[in-house]
Amino acid sequence: MKTEIIEINSGNIDISKIRYASQVLKDGGLVAFPTETVYGLGANALNKEAVERIFIAKGRPSDNPLIVHVADKRSVEKLVSHIPNKASILMDKFWPGPLTLVMDKLPIIPEVITAGLDTVAIRVPSHPIALALIREAELPVAAPSANVSGKPSPTDSRHVINDLNGKVDVIIDGGFSDIGVESTVVDMVLDPPMLLRPGGITVEQLEDVLGQIQIDPTLVKKNLDDIIIPRSPGMKYKHYAPKADVIIVEGDPEKIAVRINEMVKEYEGKDIKVGILATDETVHLYPESLAVSLGSRLSPGTIAANLFKALRDFDKTDVQMIFAESVDSSGIGLAIMNRMKKAAGYNIIKI
Ligand code: AMP
Ligand code: MG
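One point on numbering: in numbering that gives the first Met the number 0, the residue at position 85 of the sequence shown is 84, and numbering is uninterrupted.
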């Protein structure tokens, strides 16, 4: 299949290009597009065959449900049987934005989207290109992250081209995704609502509005073996994994550096090529040629924005083992550490 790559400037959107891409969606095609979290791979959510093509293009397991993207709160009414009051409050507060709400679905949503669940996950993205595309298509758009299943999510069109060129109809090149980690997923069928995936909207922000939320127990489990039947099926899959193995070192930043340097010596002694994911505060503590900084610990949003790109950049090198410093897990840090732990297959050293 020939993939068309269409460049669109998010600050000055060429509506004729949006119209073209939205027609591809209406015709049952696949369009990758930028969102504020990561790039999404979109299809008409009401067209079963189109949605099936997403799973094929990504190599995504069919029991991992998709998020449906809409242009506004009103569009949700046609997709769910009931909007809980707390969901309505969260929509008013955080949409458009990186928050996905799980609600009871109407039959119009094909089962292929929800992996047979009675619920559907919905969000309104804030990226101007994503919004323009969904508005113009006048459709709900099913869109998981636009990467080959298992790889780090794409935060730049080049990542999407690497993974999906020749497998999708259109890739919109619209620059970097600012947030860099996926949306927060909250199950609104339960009361108190339950966090299923940490993301761009933090637990602290949700609690400020709702008072109390529950955290899915699988999110606090340490080992993959402990995760048996998650409410959010995506949780059980290997995710965000670079080619190299990843080990997270958790503890006091200065001590982390000492421990990582010891391991660097040990692995290099065995002729294993190593890389280090560090922070601005610690990067100088490592051999310069090995370490990459994700940003300052004082600016966790920057660390989130750089994480997936850094993991993908290691794939272009011959590094076989990556040592990653853990960061504070408050705020957006919970999403950062959730993605890092999955990239590491829960391989964590505590010091
Ligand atoms: P991705 O599309 O790769 O960003 O992943 C979507 C995430 O949303 C996965 O973790 C899914 O398991 C989760 N999700 C989608 N639909 C539902 C649903 N109906 N109930 C629970 N989680 C869902
Ligand atoms: Mg994904």
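Even glycine gets a Cβ: it sits at the ideal position worked out from N, Cα and C.
DSSP three-state assignment for Thr154, whether helix, strand or coil
coil
With a threshold of 7 angstroms on Cβ separation, who are the neighbours of Met187 within its own chain once the five nearest residues in sequence on each side are excluded?
Pro83, Lys85, Ala86, Leu100, Val101 and Met102
Quick check: Ile347 and Val326, are their CB atoms within less than 9 angstroms of each other?
No.
Is it buried or exposed for Lys341, if we count other Cβ within 10 angstroms and need 16 for buried?
buried
In whole angstroms, what is the alpha-carbon distance linking Gly198 and Arg122?
13 angstroms
May I ask whether a heavy atom of ligand 3 can be found less than 8 angstroms away from the beta carbon of Glu76?
For the structure depicted, ligand 3 is absent and the ligand set comprises only ligand 1 and ligand 2.
Within the segment 84-118, ranges of the beta strand (DSSP E) (whole runs, at least 3 residues):
If we require 3 residues or more, the beta strand (DSSP E) runs fully inside the segment 84-118 come out as 98-103.
Verify whether the separation of the beta carbon atoms of Val37 and Ser176 is less than 9 angstroms.
yes
Using a 10 Å radius around the Cβ and a threshold of 16 neighbouring Cβ atoms, would you call Lys8 buried or exposed?
Reading off the sequence shown, one finds Asn at residue 8, where the question assumed Lys. When all chains shown are included, Asn8 counts as exposed.
With DSSP run on the structure shown, which of helix, strand or coil describes Met262?
The three-state reading of DSSP puts Met262 in helix, counting H, G and I together.
Hey, Ile275 and Phe307: beta-carbon distance below 9 angstroms or not?
no
Report whether the distance from the Cβ of Ile66 to the nearest heavy atom of ligand 1 is below 8 angstroms.
yes
Assuming contact is defined by CB atoms lying nearer than 9 angstroms, are Ala129 and Glu35 in contact in what I supplied?
Closer than 9 angstroms, so yes.
Asn146 beta carbon near ligand 2 (any heavy atom closer than 8 angstroms):
yes
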